[in-house]
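Trainee: Using our numbering, the letters of the sequence shown map in sequence onto residues 302 to 595.
Virtual Cβ for every residue (Gly too), placed ideally from N, Cα, C.
Predicted model, so just to flag it, every value in this text is computed and none were measured.
The structure under discussion is supplied below as structure tokens; questions concerning it will follow.
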Amino acid sequence: MNDTQAPGGDLICQITEAMPALSKGQKLIANYIIQNYDKAAYMTASALGAEVGVSESTVVRFANEIGFDGYPELQSKIRDTVRVRLTSVQRMESANIRMGEAEILDSILLNDAERIKSTLDTLDRAEFAKAVDLILGAKNIYIMGMRSSAVLAEFVNYYFGLLFDNVRLIRPAGGSEIFEHLMKIHSDDVLIAISFPRYTTGIVNAVEYAASTGARVVAITDSLSSPIVPHASAALVAKSDMASFVDSLVAPMSLINALIAYIGKKKHNEVTETLGRLEAVWKEYNVYTSGVQG
302 MNDTQAPGGD LICQITEAMP ALSKGQKLIA NYIIQNYDKA AYMTASALGA
352 EVGVSESTVV RFANEIGFDG YPELQSKIRD TVRVRLTSVQ RMESANIRMG
402 EAEILDSILL NDAERIKSTL DTLDRAEFAK AVDLILGAKN IYIMGMRSSA
452 VLAEFVNYYF GLLFDNVRLI RPAGGSEIFE HLMKIHSDDV LIAISFPRYT
502 TGIVNAVEYA ASTGARVVAI TDSLSSPIVP HASAALVAKS DMASFVDSLV
552 APMSLINALI AYIGKKKHNE VTETLGRLEA VWKEYNVYTS GVQG
């Protein structure tokens with residue numbers, strides 16, 4: 302499959318376009334996925350076949366017929382469709398169908414652990430090193446995330462504030478305000494753009510604008526199919542998923558932790574001096590409690 306394909310939206314079009322060439326059984330599968338992708342996303346090939354009245358092997362052949370290497374790859378794309386297309390209410394309803402109350406805790410924590418492992422297994426180390434070099438070489442570092450990704454941007458900003466003197470967090474309310482924040486970005490600057498489904502138009506516009514000025518973009522996102530990747534100089538991919546209406550961003554946070562720690566090691570002497578001064582200030586003004594009770 303082509304990794305530059307937009308996630309979610311193109312799959313439905315892809316299946317629809319392939320429909321005339323499909324067998325009768327494969328058309329049953331295609332129609333079911335188009336109409337019930339929220340349910341199909343979590344079905345095994347066997348379960349999907351049983352639902353529409355065809356064999357498991359027909360489901361596998363269907364995946365191959367429309368251009369996938371196998372059913373697991375097709376299922377992954379169906380899940381992308383769910384994450385991008387469903388509203389918050391629909392996502393919650395889908396999760397309620399998949400998980401009973403007794404399963405929620407184990408299911409979500411185990412899935413988060415799997416997302417971290419998958420991120421570790423698939424992360425491009427060369428892209429990670431390139432992102433670090435771009436950040437270390439930047440005159441100014443802009444950081445941006447919207448909606449739930451704004452929490453990740455705040456986290457990066459806090460720790461980068463300890464590592465650098467040239468960090469700017471963009472907190473856009475919307476509209477033209479994004480471009481007002483980015484008006485001074487130049488070719489020797491870097492924009493760290495953080496975006497996970499459902500992708501926001503604002504951050505896609507911001508990335509396009511920053512790239513048009515010659516600034517480098519470090520994208521932290523869920524897939525090479527993400528709409529912010531085409532304009533990025535380096536793309537760090539962390540697996541995410543939806544936990545009911547909540548975005549699961551555990552793996553992205555873990556990746557960001559690694560990025561901060563790696564840059565901190567690169568700037569060891571400066572960071573040690575900065576933290577030493579901060580510790581003295583924190584102690585003088587009782588910023589932290591010792592936790593000892595009288």
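Relative to the alpha-carbon of residue 504, which residue among 560, 587 and 450 has its alpha-carbon at the smallest distance?
Mentor: Taking only the C-alpha atoms, the option nearest residue 504 is 450.
Trainee: Output the boundary residues of the alpha helix (DSSP H) element that contains residue 351.
Mentor: 346 to 353 is the extent of the alpha helix (DSSP H) around residue 351.
Trainee: Within the same chain, show all residues whose beta-carbon is closer than 6 Å to that of residue 495, passing over the 5 residues directly before and after it, in chain order.
Mentor: For residue 495, where only same-chain residues beyond five positions count, the Cβ hits under 6 Å are 446, 450, 453, 454 and 521.
Trainee: Counting only the same chain and skipping the five closest in sequence on each side, list residues whose C-beta sits under 7 Å from that of residue 506.
Mentor: Hits under 7 Å: 479.
Trainee: Put residue 333 into one of helix, strand or coil per three-state DSSP.
Mentor: Of the three classes helix, strand and coil, the one that applies to residue 333 here is helix, per DSSP.
Trainee: Roughly how many whole angstroms lie between the Cα atoms of residue 426 and residue 518?
Mentor: Roughly 17 Å between the two C-alpha positions.
Trainee: With a cut-off of 8 Å, do at least 3 Cβ pairs link the stretch 548 to 558 to the stretch 568 to 578?
Mentor: No, the stretch 548 to 558 is not in contact with the stretch 568 to 578.
Trainee: Three-state secondary structure (DSSP) at residue 459?
Mentor: Reduced to three states, the DSSP call for residue 459 is helix.
Trainee: Quick check on this structure: which residue in 564, 470 and 538 has the alpha carbon closest to the alpha carbon of residue 419?
Mentor: Taking only the C-alpha atoms, the option nearest residue 419 is 538.
Trainee: Please name the residue in 508, 498, 514 and 523 whose C-alpha comes closest to that of residue 532.
Mentor: Here the closest residue by C-alpha is 508.
Trainee: Return helix, strand or coil for residue 486, following the three-state DSSP convention.
Mentor: Coil at residue 486, not helix or strand.
Trainee: Distance check for residue 529 and residue 374, CA to CA, integer angstroms please.
Mentor: C-alpha separation (whole angstroms): 22 Å.
Trainee: Relative to the C-alpha of residue 322, which candidate in 349, 365, 348 and 341 has its C-alpha closest?
Mentor: Of 349, 365, 348 and 341, the residue nearest in Cα terms is 365.
Trainee: So, is residue 511 buried or exposed, given that buried needs 16 or more other C-beta atoms within 10 angstroms?
Mentor: Burial call: buried.
Trainee: Drop a sphere of 10 angstroms on the beta-carbon of residue 467, count the other beta-carbons inside from all chains shown, and report buried for 16 or more, exposed for fewer.
Mentor: Counting Cβ neighbours within 10 Å, residue 467 comes out exposed, since fewer than 16 surround it.
Trainee: What did DSSP end up calling residue 358 once you bin it into helix, strand or coil?
Mentor: Of the three classes helix, strand and coil, the one that applies to residue 358 here is helix, per DSSP.
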